[in-house]
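The sequence shown begins at 55 in the working numbering and counts up one residue at a time.
Note that the Cβ used here is the ideal one computed from N, Cα and C, for glycine as well.
Keep in mind the model is a prediction, meaning the values are calculated, not measured.
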Amino acid sequence: MRWGSKSTVDSQHAVDVRYLKKQGSLEAGKSGSLTWSRQGKQTGAISYQVKENGIMLIYNMRENSSAEWETVEQFVSFDYTPCNYGGKRTWLLCTHCNRRVTCIYVTGKYFLCRHCYGLNHQSQHEGYCDRLLSKAQSRRTKLGGSPSLGDLFPEKPKGMHWKTYHKLQDQAMSDEEACFQKIDEYLNRFSSRLS
């Protein structure tokens, strides 16, 4: 983990067009609210109204804890691209750079894309070994098991093809082995310095 680097998308409140689509909330005339929480405590909330060609975000914000609350209404346009087998994919257009994105984040007054706010993904803050470990743990949980490398590798889930299972298992084992080799190299270098 590299400290003192950019903030991550995971630490910000986001509006995700994929989530809204999954909830059936992208039709014109729909309205609702989005809330965010951390460790069981609500950290933010906004209202939204879906228009014909975009979404209106309505929320209260203030610059700092001593400033007055301000109601912000931000309209974010939709853009569309065709899907291979018919239909269309909906995107959000960043109101600052006009980039087509699936998520917009708020770290200032407005919801903008991660590029405008200089946000990174958590994986960009991880070292080589951390990324290998994350990938191995992700594959274990994808199979319904524990992310712990100390536990037995999960059994094949019902309905999954053996070929798919063996591929995930091979990839996870390969990542785990590479991670342990890297840790072993580090420990050997460390012990040689102490000698």
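Around the beta carbon of Q128, 16 or more other beta carbons lie within 10 angstroms, which makes this residue buried. Beta-bridge partners of Y102 (DSSP): G86, L111. DSSP places L74 in the helix class (H, G or I) of the three-state scheme. Under DSSP, A68 forms a beta bridge with Y159. R143 places its beta carbon less than 7 Å from that of T135.
Our two residues, L146 and V160, have alpha carbons roughly 14 Å apart in a direct line. Burial check for E122: the Cβ neighbour count within 10 Å stays below 16, so the residue is exposed.
With respect to C233, C183 sits close: the two C-beta atoms are nearer than 7 Å. Listed in chain order, the alpha helix (DSSP H) elements of length 4 or more contained wholly in the segment 118-201 are 168-171, 182-196.
In the structure shown, K210 falls within a coil segment according to DSSP collapsed to helix, strand and coil.
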